Every structure is written in structure tokens, then in C-alpha cells.
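Here my numbering runs 6 ahead of the position in the sequence shown, where the first position is 1.
Input: a single structure, listed below in C-alpha cells.
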Amino acid sequence: MKIRQILNNNVALVQRGELDLIVLSSGISFRKKVGDSLDMSEVEKTFIPDSNDVLESYSYLLSHIDQKVLDATKRIIQLVETELGEEVNDYLYLTLLDHIDYSLKRAEKNQFIVSPLTWEVRKFYPKQYELSKQALQIVFEETDIEFPESEAVSIALHLINLQESKVSIEDTVKEMKLVGDIMTIIKMHFQIQLDENSMNYNRLVTHLRYFAQRVSVGEIYQSQESELNKQIRVMYPQAYLCVQKIKRFLKQQFQKDLSEDEETYLMLHISRVTKRKESEE
């Protein structure tokens, strides 16, 4: 590999065959100049941009990043790969690096973000959330800047995207918000707080997560179980009324119609999680 451009002491743009690569390693460019050769054994991390725009963006980010931020990100990536058992791709590595760098700049101005998705992330993705809290501790150890726990949500969204690579962060956020909105409709309709530790609650959340994914891609299941639907309506009238509110919400917000099949399953899950003997009300 030949050095095409030295970005800083730790980052260089190199050419290997016809590929332009960005290589990263502590002191890799020290006492080197353009045209010198580098051996792969000297390289800790290699980024392979898929376009000139991405190459320029990555080059700028890596050439301006503080070494402490780089060290913190590397430690976080190692933690994530060990705990989740998955290799972090270049995109996540660099977006996480950029996120931490920007967060530190905000912290210097005492600007911290409280995400509206805190409840959803903590409930639906507990492992990623716990890893993100550990990530904040790593940032503190490397930079002496302490973040409130609420900042963990933003990092968790990046980790969620790692394991759900077919879904963008934006889509994941929309799906979590939809689940949270439906849970709010249920709690407001029944005027109760739900037991978040119960098996029925977790079953409902799991069902709603997959339901939200289907809504986002336009997949709504259909079936011929109209008779079962009629029976459930009679057995659980309050669950039926609650589902009608959810149905109207979906129509207003997403222009989606709730199928009879989905309606039936939602009524069953809602009746279980609310623990109401509706016939006695």
C-alpha cells in the first residue's frame, strides 16, 4: 500500500491496487510522507469507502477527530462486538465516532439530550441500553466528561441498527414510537398502569414490535377468522373498544387499515395484559 495523503499522525489515505482506503493506527503516519509504503501489519483498522463523497466525508471526520474520542470509540466498539457477538461495520464505527465527537462538543456547552424514546429503548432493547450506559462510562474515563444516563438512548439507537441492519435508524425510531403510542392508547383507555414485568405485558410488547414492523412496510395480515373475531368482541368488549381507537389512530397517522386478523390478536393480548374481567364491569 502506498500513502496518498497523510490526514494526521494516526490516519492516512492509501492506495492498494485500484482501491482507495483509509487506514487507522496510532502513530501510523509518524515520520512518513506521501508515496511511502505501508504494510498491513502496521494497520489497526481499515475503512473502504464506497464512493468519493463517502471517502471525503470519512477523511474529514478522521483527520479532525481528537485522539481521546478515537480511543473511547475503539473501546466501545470492542465492548459491543464482544457482548453482542457481531462485527461492527464501517458505517456504524464512523457514525458512532461522529456522534461521540458531537456529543462532547454539546457537553462543553452543557447541552444534553433527553430522548422521547427513553422508555421504548429501555423496554424493547435492554441489552443495547445497558451497553450504551457502559459506553458513557468509557467516554468519561477517556475524556473526563460525564454524561447523564439519558444520553445512552442515542448511542443505543446506533447499536440497535447494528443488529437490525435491514432497517434504518429512522425506521427503527418510527416503529418504537408507534409501539409507544399504542401502549399509551391502551393505558389511557383502561386508566391503569400496566405491570411491565408480567409475561402478558412482554407478549403484548413483542406482538406490537412485529406489528409495527409490518405496518412500516405495508404488510397487514388477513385471515378468514371472522367468527373468532365476533366471539372475542363479545367476550372482551372493552378490549374491542380500545382496538377501535388504535384502528382510528393507524388510519389517521399511517393511512393503514387494521385487518380483522390483527384486530383479533390485539383484543386477546390487550384483554390479558389489562387483567380485566370485563363482564363484571
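Just so you know, even glycine gets a beta-carbon here, dropped at the ideal spot from N, CA and C.
The structure presented is a predicted model; accordingly, all values stated were derived computationally and were not measured.
L19 carries a strand assignment under DSSP once its states are collapsed to helix, strand and coil.
Assigned with DSSP and collapsed to three states, N95 falls in coil, not helix or strand.
By the neighbour-count criterion, in which 16 or more other beta carbons inside 10 Å mark a residue as buried, T79 falls on the buried side. For the region 175–227, not one full-length beta strand (DSSP E) segment reaches 3 residues or more. Here the region 157–166 lies against the region 100–111, with 3 or more beta-carbon pairs under 8 angstroms apart.
For V29, the enclosing beta strand (DSSP E) starts and ends at L25 to L30. Between L61 and D26, the beta carbon gap of about 6 angstroms places them in contact (Cβ cut-off 8 angstroms). One alpha carbon belongs to M241, the other to S232, and they sit about 14 angstroms apart. L214 and E181 have their C-alpha atoms some 9 angstroms from each other. Secondary structure note for F53: its beta strand (DSSP E) is the uninterrupted segment K51 to F53. Counting along the chain, no beta strand (DSSP E) covers N116, and no H or E run does either.
In the DSSP assignment, I9 forms a beta bridge with V20. Just measuring C-alpha positions, the residue of L272, S47 and Q143 sitting nearest I34 is S47.
With 16 or more neighbouring CB atoms inside 10 Å of its own CB, Q134 falls in the buried class. Comparing C-alpha distances from I238 to each of L210, R220 and E269 shows the shortest one belongs to E269.
Judged by DSSP in its simplified three-state form, S43 adopts strand.
For R254, the enclosing alpha helix (DSSP H) covers residues P243 to F260.
By the C-beta density criterion, T178 is buried, having at least 16 other C-beta atoms within 10 angstroms. In this structure, V40 places its C-beta atom within 7 angstroms of the C-beta atom of I9. Excluding sequence positions up to five before and after S204, its CB lies within less than 8 angstroms of the CB of V279, all in the same chain and listed in chain order.
For R128, the enclosing alpha helix (DSSP H) stretches over residues T124 to F130. DSSP places E266 in the uninterrupted alpha helix (DSSP H) bounded by E266 to T280. Take the alpha-carbon of I144 and the one of Q84: they are about 11 angstroms apart.
With respect to the 7 angstroms criterion, Y131 and I188 are not classified as neighbours on the basis of their beta carbons.
Going by C-alpha positions, S109 is about 12 angstroms away from P154.
Beyond the five residues adjoining it in sequence on each side, F255 comes within less than 8 angstroms, by CB distance, of D187, I188 and I191 in the same chain, given in chain order.
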